[in-house]
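With the UniProt record's numbering applied, the sequence shown covers 1 to 908.
By construction, the Cβ of each residue, glycine as well, lies at the ideal position given by its N, Cα and C atoms.
Quantities reported herein were computed from a predicted structural model and do not represent experimental measurements.
Inspection log for the structure reproduced underneath, given as structure tokens.
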Amino acid sequence: MASSTSSNFMPEKYDVFISFRGEDTRDHFTSHLHEALLQKKIETYIDNMLNRGDEISPALKKAIEESKVSVIVFSENYASSTWCLDELVHIIWCKEELGKIVIPIFYNVKPSHVRGQLGTYADPLAELEECYLGKIDKVHEWRKALITAANLSGWASMHVSPDSKLVKEIVEDILKKLSRVPIEDFKGFVGMEKRIEKIERMLEVGSRSTRIVGIFGMGGIGKTTLARAVFNRFASRFEGCCFLLNVREESKKHGLPNVQNILYSELLEEDRRSTSYTKKRLHFKMVLVVLDDVNDPEQLEVLVGDGNCFGSGSRIIITTRDEQVLRNIKANEIYKVEELNDDEAVQLFHLAAFQEVSSPKKSYSKLVDIAVNYAGGVPLALKVLGSFLRCQKKEKWETALDKIKKRSSNKLQTILKTSYDELDDSEQSLFLDIACFFIGNERNFVERILSCDIEVDNLVDKSLLVVSLDNKLWMHDLIQEMGQEIVRKESIKEPGKRSRLWIAEDIYHVLKNNTGTEAVEGICLDMSKTRDINFNPEVFQKMYNLRYLKIYNSPNGNRESNVCPYEDLVYFSDKLVYLQWDGYCSRFLPENFIPDNLVELIMPNSRVDRLWNVSQPLSSLKKMDLSYCRDLAKVPDLSHASNLTTLSLQGCRSLNKFPNLPMNVTSLNLSKTSIKEVPDISYALNLTTLSLHGCYSLNKFQNLPRNIRSLNLSTTSIKEVPSSIEYVSCLEIFDLTDCSKLENLPTSICKLKKLQGLYLSGCMTFKNFPEILEPMECLVELELDRTAIRELHSSIENLVGLQSLHLEMCSNLESVPNSIHNIRSLDYVSLWRCTNFKSSPSNELLLCPDWPESSSSLDVETTLMGAWDDFSNIGDESRRYNFFHRVPAGTGLPCSSQEDYHDPMILD
């Protein structure tokens, strides 16, 4: 980790700089990556000059220095360009001296070739040494940079295909490394830099002490935006970082232990529950933590203590409205965020109202002064008011400003409420829905159930809503509080007369006392937050305008309450678009419920044995989840549910008949049901995912749709796979794990040209792996462990793209054919506990000169000890390193030797 002090920082103009060899990847991979980054609003610098000189320009060096992340696309001819090599050297310098993030991508080249300058990297470097005899240090500098970059965590195209998937996962990795948080972009805020500089001085980044810096100020003043700007600037300097947004709200909703788990998981970059061992690991890690919107000293005590639970050099930033919280924890420094001065306030308002910093038309100048005066230097007020007045005529400005003048002294709340009042009815309804129910939800989900894409855009334009980079919906807490207060004031004393109910005690009151009315449009109840409720089965009869009903068990809740009627429910509103009720108590849905408008039906772990007695049109239904409804014996005819795309009946043990499917279904989960046979469903051409895992009674299946990409038949009683499997031409993942009666596969399996993973682990009677009659270029992972196979046919060499071969605990396996050496992409072979392994090339397997250099891991433990002894005496240290250096075939795993885990008998 770079140890340079904060004075080394340069302004970061770009998020990502891409270094690439134009002739190799400009028109395909790199252009796709660039486009994907731009779609995610990631500011990217790409040098598209076709004619380059011998040395990179100062402007290009500056672009590298001003980028948070540099992505290096290593391709076949990268090393033949001195321009690319010079870029690489400067990128590595920026990493080491400025703490920049570097991500290598090995596109159609092996990391070992880049690291060791082998293959297509050998000749160009040798030629450069001849050309630069007088400047041999420069060549050494290039070689060192190649080694350094190749040892960094990165991505390899041979491990992730197709390119579209590789690009998607790289972009997700970059987003994570940029440490984005779901709150509005701070670009366009004025007066930011000088405030950052003050906090930077307080942080003293580079010193080895642990420091806590507090940021406090009124709501809407910009504390979170400022903290994020500081976080994004410094995050790459630390070994771990986490920005915990809305600690106050998240603690209230999910509990402090859950918030602590999120913190630890982010800092360790793994799913981790709070343990003493975890705390010991964090004690040696230099981290950057931001705790946003803290309002209780207990939150700080649980999450960070006095800061000494983290490694030396760690920094903790806390934002709060209450300065006393910071005094209690004895923060090293406290920064008060002041209101913007007059010039800054005018500039920010201009940006919001006119989308430019310069002065508007003179005719608006007096109105601008009035508006800025009302907003009082508060950034949130300036943005919301400016966005509201944007593109409006002068008369509208005068009316709105006059209304603000006449209202209460709390100008900020008045400005927010004025902006809300000017929304049309559909926008107001959506605004209140989001404020009460959908903060943090995926935009696609909200738009799917509420049909509101245009309204979402309008709320974003008015600065009332933010769509984060990961496509989730967020509001400033003051805006959310305003929306919830509007709902509360609909009926201060009786919650049953409000349009939306989300507070557990209010919902308890309404259900227990049957006080619901036609005003109620939405209910969202976390059952872990309430007491047991037994209520009148007619409780929803007066709520005939109910559109949204969610009664659920929080995965982080400490308890489960029973929320159920005395008898079977008698009424649901026909206006329901979303119905989720975990553990629904009744045996069926109300008979008079006509779900014409229902978009999603989610009722896991319920007691239903049927849904309806008569067929329903279900014309709007898109998703149905009845997982683990153990009494459900029959599913209604769904063939006319033309919009249904996702159906999950997992764990419905009483279900023994395959459901009638609509043509448009894309995902079907029938795992752990009692289904015995899969009928001909080839008509379901949109079906891409089918899971029948754990269907113990299933012993055969017929024709499947050709577009299925993932087929899971694991732990079934399948005896054979029909030769017609070849017509499932889009299949990518085929899982037959623990099919104890399966004996073989048809030779037609080689017709599956898109197959990437084939899993046969635990098929105890599987004896013969079929001949591979045609090349299979996409198959990268083959699992045959715990099977009864004795040998592999020599045609296995036709698995030309294979990277990982698992043969562990194949007690009958006696040999592996020499042709396996011809699989140039093979990275991992495991023969662990193959106790009868005798003849195939034990020595040859390790030592044959034709074995591909990329084969980086062989798990030998007890099987090949003699071969290990022979191998250990070989004097060719470079080959020994190349072979045993582990490069896991898993997606996105590090390519360096510095990993946290090792297999037995594998050297680094």
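| To the nearest angstrom, how far is it from the Cα of S667 to the Cα of D735? | 16 Å
| request: Report yes if the CB atom of L802 is closer than 8 Å to the CB atom of L773, and no otherwise. | output: no
| said: Let me make sure I understand the geometry here. Which of L813, N232, I486 and Y107 has the alpha-carbon closest to that of S157? | reply: For the residues L813, N232, I486 and Y107, the minimum Cα distance to S157 belongs to Y107.
| query | Apart from the five residues on each side of it in sequence, which residues of its chain come closer than 6 Å, Cβ to Cβ, to H806? | reply | E783, D785 and S830
| query | What are the boundary residues of the alpha helix (DSSP H) that includes M192? | reply | Looking at the DSSP string, the run of the alpha helix (DSSP H) that includes M192 is M192 to L203.
| How would you label L864, buried or exposed, when you count the other beta carbons within 10 angstroms and need 16 or more for buried? | A caution first: L864 carries a pLDDT of 39, below 50, which makes its placement in the model unreliable, though a value can still be read off. By the Cβ-count criterion, L864 is buried, with 16 or more other Cβ atoms from all chains shown falling within 10 Å of its own Cβ.
| query | Does DSSP put E505 in a helix, in a strand, or in coil? | reply | helix
| message | I need the straight-line Cα distance from residue 943 to E204, nearest angstrom please. | response | Since the displayed the chain opens at 1 and closes at 908, residue 943 lies outside it and no answer follows.
| Tell me, which residues are paired with G522 by DSSP? | R500 and Y548
| Around the C-beta of R208, are 16 or more other C-beta atoms found within 10 angstroms, so that it is buried, or is it exposed? | exposed
| How many whole angstroms separate the CB atoms of L348 and P379, which I take to be in contact at a CB cut-off of 8 Å? | 6 Å
| Can you pull the DSSP bridge partners for F20? | Under the DSSP definition of a beta bridge, F20 partners with V73.
| request: Kindly indicate the opening and closing residues of the alpha helix (DSSP H) around C750. | output: No alpha helix (DSSP H) contains C750, which DSSP labels as neither H nor E.
| task | Kindly indicate which three-state DSSP category residue 943 falls into: helix, strand or coil? | result | The structure shown does not extend to residue 943, since the chain is modelled only from 1 to 908, so the question has no answer here.
| L569, buried or exposed, once every other Cβ within 10 Å from all chains shown has been counted against 16 | Per the 10 Å Cβ criterion, buried.
| query | Taking one C-beta from the region 635-652 and one from the region 610-620 each time, how about it: are there three or more such pairs within less than 8 Å? | reply | Yes, they touch.
| said: Would S620 and N592 qualify as a contact pair, given that the criterion is a beta-carbon distance under 8 Å? | reply: no
| query | Would DSSP call residue 909 helix, strand or coil? | reply | Since the displayed the chain opens at 1 and closes at 908, residue 909 lies outside it and no answer follows.
| With distances taken from CA atoms, which of K754, T688, D173 and T715 is nearest S674? | T715
| Selected residue, minimal CA-CA separation from Q650, among Y628, L632 and N656 | When each option's Cα is compared against that of Q650, the closest is Y628.
| said: Residues in the same chain with beta-carbon distance under 7 Å from E455, minus the five sequence neighbours each way, listed in chain order, please. | reply: S426, E427 and L430
| task | List the DSSP bridge partners of K700. | result | DSSP links K700 through a beta bridge to E677.
| Cβ neighbour criterion (16 or more within 10 Å) applied to N513 | exposed
| Whole-angstrom distance between P104 and L125, CA atom to CA atom | 19 Å
| Beta bridge counterpart(s) of N768 as assigned by DSSP | N744
| task | Give the secondary structure of K13 by DSSP, where H, G and I count as helix, E and B as strand, and everything else as coil. | result | coil
| K472 by DSSP, collapsed to three states: which one? | In the three-state DSSP reduction, K472 falls in the strand class (E or B).
| query | Taking DSSP as the reference, what is the three-state secondary structure of T515? | reply | Looking at T515 - three-state DSSP - the assignment turns out to be coil, as it is neither helix nor strand.
| request: Count the other C-beta atoms from every protein chain shown that fall within 10 angstroms of the C-beta of C94, then say buried if there are 16 or more, exposed otherwise. | output: buried
| T44: first and last residue of the uninterrupted beta strand (DSSP E) it sits in | T44 to I46
| request: Can you tell me which of the three DSSP states S528 falls into? | output: The answer is helix: DSSP assigns S528 an H, G or I state.
| field | Alpha-carbon to alpha-carbon, I221 and A227 | value | 12 Å
| request: Report the three-state DSSP secondary structure of residue 916 (helix, strand or coil). | output: This structure does not reach residue 916, given that the chain is present from 1 up to 908, and the question cannot be answered.
| query | Tell me which same chain residues have a C-beta within less than 6 Å of the C-beta of E777, skipping the five on either side of it? | reply | V800 and G801
| said: Using only the alpha-carbon positions, how far apart do S19 and E266 sit? | reply: 29 Å
| field | Where W93 falls: helix, strand or coil (DSSP) | value | helix
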